[in-house]
Amino acid sequence: MEYVLESLNGHLDSVHDLLRGKLRDELHSRLHNRQRGVLPDKELSTLSARTIDLLHSIEQMLEPGPLVLADHFLGYMSTKCLCAAVELKIADILRDKGPLTINKLAEESGARADRLEQIMNVLQNNGIFERDPAMVTYANNHTSTLLLRDHWMQWHNWVDLYGNQFYDMARGIPQSVCKDTTRSPAQINYDTDKDMFTYFNEQGWVPQLHRTLGAGTTAQAPGILADYPWEEVAKETVIDIGGGGGSLIALLLRAHPTMKGGIYDLPHVIEHSTLFFHAPDGQFADLADQVPQGNLIGGDFFKNIPPSRVYTIKWTLHDWRDPEALAILRNIRKAIVPGETSRLIVMDCIRADGRSSRLSRYADLNMMIAANGLERTEASWRDLAKQSGWRIEGIYPLRNAWPCAIDMRPDNVQLNGV
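Each residue of the sequence shown is one higher than the one before, starting from 1 at the first, in UniProt numbering.
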């Protein structure tokens, strides 16, 4: 055992020195460059994810159990330390003022130096910010740079929303798993039977929610465009089911001028999205010719779906348990117009094991907390497809995005009345 660990440590020391030294610039440019529109290298991302999963599995085998438990029952500290750094705009100060001692950083941020040092110690040991032990100064690294207020991905909004409102909502998790409990964790925490959008609206939190989700849409756009073969449907009309304000369909249309688009959503949602495309000052007015008003359709996807050869549905099916999700998928299957390009592109998370896939598990819990929803495994998606008259042609991971693109094609086998 000693020989194995000594050999492992020796090899890891060498790799660590290479990644911190000779390969540092290449590592940053190929994996950690978060400039607008730049995606991490696909092959290197896959390889690094495998490395992360292996190292984490080894860590789990070696780490003492009490430390594993402590990371869970004391995990709230990391969350709130990050919230403090965002509220104090530490990343912006370090970007504008350069590496700073803790006293100077406290002065610039209006913080207590002694307590700020304790917070920064936690964060830099977690890989957020860097500390120069020789100069005793703090600086940004590739992770803390994401927290800048003017960073195009706007991660500070996610920290603010999930580190506060969702943090509070998670208190309801223990009670929510009790038998016969119907309230979501969020409803339990806030002692309400209202859905969370209604409750957020009453509290004045909806603009914050929209800012955060909008930032997520912007951050994920390059991967969505690059990692699914949209050129195969570039001459089709794509109907986005549950498409809301139209951000996804606008993204696709701007990248593919020969594509037409449409949205199917509840009537009151369509009233708003119509203005986005057809009002003179609408944010998507430049796409009016690609989105005829007749393609902006109000309705209920539990009752019917307008006919089309190509559909998208993003971050919608995870709101629903299997009976409802099956009803939606079957209705789309009934409505789809047969053809060589006919397909439904589902954009949702695929829940998976391993350290590199942990965002899918966080997303799963967030859906349970806020909406009684869930994220599904690949096996669950394949089962849903089979039961509703679809086959999965392919699953496309999308770089810098939480969901995958699940390419469903009509199955010739007619199932359950489909």
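For each residue, glycine too, the CB sits at the ideal point set by N, CA and C. A quick note: this is a predicted structure, and the numbers were derived from the prediction, not measured.
task: Buried or exposed for Trp152, please, with buried defined as at least 16 other CB atoms from any protein chain shown within 10 angstroms of its CB.
output: exposed
task: Check the C-beta distance from Arg309 over to Ile332 and give it rounded, since I have them as a contact under 8 angstroms.
output: Between Ile332 and Arg309 the Cβ distance is about 12 angstroms, and since that is not below 8 angstroms, they are no contact.
message: If contact is defined by three or more beta carbon pairs under 8 angstroms, each pair taking one atom from either stretch, is the stretch 55 to 67 in contact with the stretch 244 to 252?
response: no
- prompt: Does DSSP put Gly417 in a helix, a strand or coil?
  reply: Residue placement at Gly417 is flagged as unreliable, the pLDDT there being 47, under the threshold of 50; the coordinate-derived value follows with that caveat. Residue state, collapsed to three classes: coil.
Reduced DSSP category for Thr46 - H, G, I as helix; E, B as strand; rest coil: helix
Buried/exposed call for Phe197, threshold 16 Cβ in 10 Å: Under the 10 Å beta carbon count, Phe197 is surrounded by fewer than 16 other beta carbons and is classified as exposed.
- prompt: Given that a residue counts as buried once 16 or more other Cβ atoms are within 10 Å of its Cβ, and exposed if not, what is Cys178?
  reply: Result: exposed.
query: With respect to the alpha helix (DSSP H) encompassing Met135, which residues constitute its N-terminal and C-terminal limits?
result: It is not in any alpha helix (DSSP H) - Met135 carries neither H nor E in the DSSP assignment.
task: Alpha carbon to alpha carbon, how far is Arg254 from Phe277? Give it in angstroms, no decimals.
output: Their Cα atoms are separated by approximately 13 angstroms.
CB of Asn366 within 8 angstroms of CB of Ser184, strictly: no
query: By how many angstroms is the C-alpha of Asp322 removed from the C-alpha of Gly389?
result: 15 angstroms
query: How many Å lie between Val418 and His156 at the Cα?
result: In this predicted model, Val418 has a pLDDT of only 47, less than 50, meaning its place in the structure is not dependable enough to derive any value.
query: Whole-angstrom Cβ separation of Ile263 and Ile249, contact assumed at under 8 angstroms?
result: 6 angstroms
field: Buried versus exposed, by CB contacts within 10 Å (16 or more), Ala385
entry: buried
message: Applying the 10 Å Cβ sphere with the 16-neighbour rule, what's the burial state of Gln293?
response: In this structure Gln293 is exposed. Its beta-carbon is surrounded by fewer than 16 other beta-carbon atoms within 10 angstroms.
message: Contact between the stretch 38 to 54 and the stretch 111 to 129 is defined here as three or more beta-carbon pairs at a separation below 8 angstroms; is this criterion met?
response: no
task: Excluding the 5 residues preceding and the 5 following Trp402 in the sequence, name in chain order all residues of the same chain whose CB lies nearer than 8 angstroms to its CB.
output: The answer, listed in chain order, is Gly216, Gln220, Cys349, Leu359, Ser360, Ala363.
- prompt: Rounded C-beta distance between Leu344 and Met408? I'm assuming under 8 angstroms.
  reply: 4 angstroms
field: Per DSSP, the bridge partner or partners of Ile395
entry: Ile406
- request: Determine the contact status of Leu47 and Gly223, defining contact as a CB-CB distance below 8 angstroms.
  value: no
message: Along the chain, where does the alpha helix (DSSP H) containing Lys80 start, and where does it finish?
response: 76 to 87
Start-end ranges of the alpha helix (DSSP H) lying completely within the stretch 187 to 262, minimum 4 residues: 196 to 203, 206 to 227, 247 to 255
message: Can you tell me whether Asp265 is helix, strand or coil according to DSSP?
response: strand
- request: Would you kindly report the start and end of the unbroken beta strand (DSSP E) that includes Gly298?
  value: 296 to 298
field: Supposed close pair Pro174, Tyr138 - CB separation, criterion 8 angstroms
entry: Not confirmed; about 37 angstroms, so no contact.
message: Whole angstroms are fine: how far does the CA of Glu108 sit from the CA of Cys83?
response: 17 angstroms
- request: State buried or exposed for Arg50, treating a residue as buried only when at least 16 other CB atoms are found within 10 Å of its CB.
  value: exposed
task: Starting from the C-beta of Met347, find all residues in its chain whose C-beta is less than 6 angstroms away, skip the five residues before and the five after it, and write them out in chain order.
output: Lys314, Pro403, Ala405
field: Of the listed residues Val291, Asp195, Thr212, nearest to Glu236 (C-alpha basis)
entry: Val291
message: With a threshold of 7 angstroms on Cβ separation, who are the neighbours of Leu252 within its own chain once the five nearest residues in sequence on each side are excluded?
response: Hits under 7 angstroms: Trp230, Val238, Met259, Gly261.
query: Which residues in the same chain have their Cβ closer than 8 angstroms to the Cβ of Val86, if we skip the five residues on either side of it in sequence?
result: Leu147, His156, Val159, Asp160, Gly163
task: Please name the residue, chosen from Ser342, Asn121, Asn126, Ala186, that lies closest to Pro133 on a Cα-to-Cα basis.
output: It is Asn121.
query: Apart from the five residues on each side of it in sequence, which residues of its chain come closer than 7 angstroms, Cβ to Cβ, to Lys42?
result: Arg399
field: Status (buried if at least 16 other CB within 10 Å, exposed otherwise) for Val233
entry: buried
- request: Apply the 10 Å Cβ neighbour rule to Ile119 and answer buried if 16 or more other Cβ atoms are within range, or exposed otherwise.
  value: buried
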